[in-house]
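Residue numbers (my numbering): 1 to 76. Cβ coordinates follow ideal geometry from the N, Cα and C atoms, glycine included. Below you'll find the structure, written out as structure tokens, and then a few comments.
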């Protein structure tokens with residue numbers, strides 16, 4: 001995801017900084033070798049799988065131009 005400057009919700013940085021499946025596999029193999037325990041990369045989380053309660057408070061009108069209660073904004 002080249003040049004995707006959206007914030008990543010499951011890792012530090014931006015979506016474009018997220019490790020590829022290959023990078024994750026290599027890191028897991030290295031961790032396995034170091035620890036002697038089989039390490040498998042966990043599945044990449046999906047934002048759609050995260051359940052959030054409905055916000056308890058509404059956004060004040062004075063903040064509505066730059067505040068959001070969308071799921072993505074609440075998670076990131």
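#### Entry: Counterpart residues of residue 7 in DSSP-defined beta bridges
By DSSP's assignment, residue 7 forms a beta bridge with 14.
### Task
Using the Cα positions of residue 62 and residue 36, report the straight-line distance between them to the nearest angstrom.
In this structure, the alpha-carbon of residue 62 lies about 56 Å from that of residue 36.
### Spatially closest choice to residue 26 from 73, 72, 5 and 42, by CA coordinates
The candidate whose alpha carbon is nearest that of residue 26 is 42.
### Query
Does DSSP put residue 61 in a helix, in a strand, or in coil?
When secondary structure is reduced to three states using DSSP, residue 61 falls in the helix class.
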